[in-house]
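Contents: one structure, followed by commentary.
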Amino acid sequence: MTRRVAVTGVGIVAPGGVGVPAFWDLLANGRTATRGITLFNPEGLRSRIAAECDFDPAAHGIDAAAAERADRYVQFAMVAAREAVGDAGLGPEKEDPWRIGVSLGTAVGGTTRLEHDYVAVSETGRRWDVDHRLADPHLHRAFSPSTLASEVAEQFGAHGPVQTVSTGCTSGLDAIGYAFHAVQEGRVDVCIAGASDSPISPITMACFDAIKATSPNNDDPSTRPSRSTSTATGSSWARAEPS
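Residue numbers for the sequence shown follow the working numbering, beginning at 525 and rising by one.
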């Protein structure tokens, strides 16, 4: 038996604004959130621009302990998922927790924290015998891609199928596709689905630079076609259930 599937709520953390209204305003007015990189010193890189999120965890209900535990891309996911669930108008407490699933996509996962801590434990790459005592106590969470989906599942008490999909740039689409089929086939009644990434770090930008995937200029694609892109951070979520 297959069922029709509806998206009943959406949420977003994006460059230029947190929340669906702010993001829609950005799009409707044709503004860009691409600018010079401020999260680190991009000197020496071919591309020094990106679309960063101006994001304050405390302003969005993430306390100091949670902010220390969760990498930036996980924080994005927690806020965007909360908006999506609220937009649906039905809290998880009204659902059977064993029938709530989570399907999450991420392209680079906890790269930002992994790089930050590697620099610390290796004395900026000078030591091969790294000093583990200098590592963040939550480093293991960045190492495991499954952290993203498990954090959101814990946040909403979801005990159904929980998975993280990492298939590069299509991770979010693939995660939403999985959620669609899970609801359609009756494996879950609700699936919180989406994607989250915070890839603006030296190692990620260097990787994109090496293959010339990122643009050195913030060109208008309508007037000057380009085969390059700008790197961005953010998270978007949808709540799917039978219609």
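Beta carbons: idealized from backbone N, C-alpha and C, even for Gly.
What residue range does the beta strand (DSSP E) around residue i cover?
i: G792; result: Since the first and last residues shown for the chain are 525 and 767, residue 792 lies out of range.
i: T688; result: V686 to V689
Does DSSP classify residue i as helix, strand or coil?
i: D721; result: strand
i: E765; result: strand
i: T630; result: coil
i: C577; result: coil
i: I735; result: coil
i: I727; result: helix
i: G625; result: strand
i: V542; result: strand
i: S674; result: helix
i: S695; result: helix
i: I700; result: helix
i: V714; result: strand
For residue i, is the classification buried or exposed, using 16 other Cβ atoms within 10 angstroms of its Cβ as the cut-off for buried?
i: R528; result: exposed
i: P685; result: buried
i: I624; result: buried
i: L628; result: buried
i: E765; result: buried
i: P661; result: exposed
i: A589; result: exposed
i: E576; result: buried
i: I735; result: exposed
i: P566; result: buried
i: S674; result: buried
i: S571; result: buried
i: A682; result: buried
i: S668; result: exposed
i: G710; result: exposed
i: A552; result: exposed
i: R651; result: exposed
Would residue i and residue j be called neighbours here (beta carbons separated by less than 7 Å)?
i: Y642; j: S720; result: no
i: V676; j: V707; result: no
i: T728; j: T671; result: no
i: A717; j: A730; result: no
i: G779; j: D611; result: In this structure the chain extends from 525 to 767, so residue 779 is not present and cannot be described.
i: A574; j: I561; result: yes
i: S521; j: T738; result: Residue 521 lies beyond the range of the chain shown here (525 to 767); nothing can be said about it.
i: S759; j: F547; result: no
i: Q679; j: M602; result: yes
i: G535; j: A582; result: no
i: A557; j: P539; result: yes
i: V632; j: P723; result: yes
i: A699; j: V712; result: no
i: V531; j: A762; result: yes
Would you mind reading off the limits of the alpha helix (DSSP H) that contains residue i?
i: V643; result: T635 to V645
i: A589; result: A588 to R593
i: D611; result: R596 to A612
i: R665; result: L663 to F667
For chain D, is any of its Cβ atoms less than 7 Å away from the one on residue i?
i: N553; result: This model lacks chain D altogether; it includes just one protein chain.
Beta strand (DSSP E) segments (min. 3 residues) lying fully within the segment 548-575: You should have 558-560 and 573-575.
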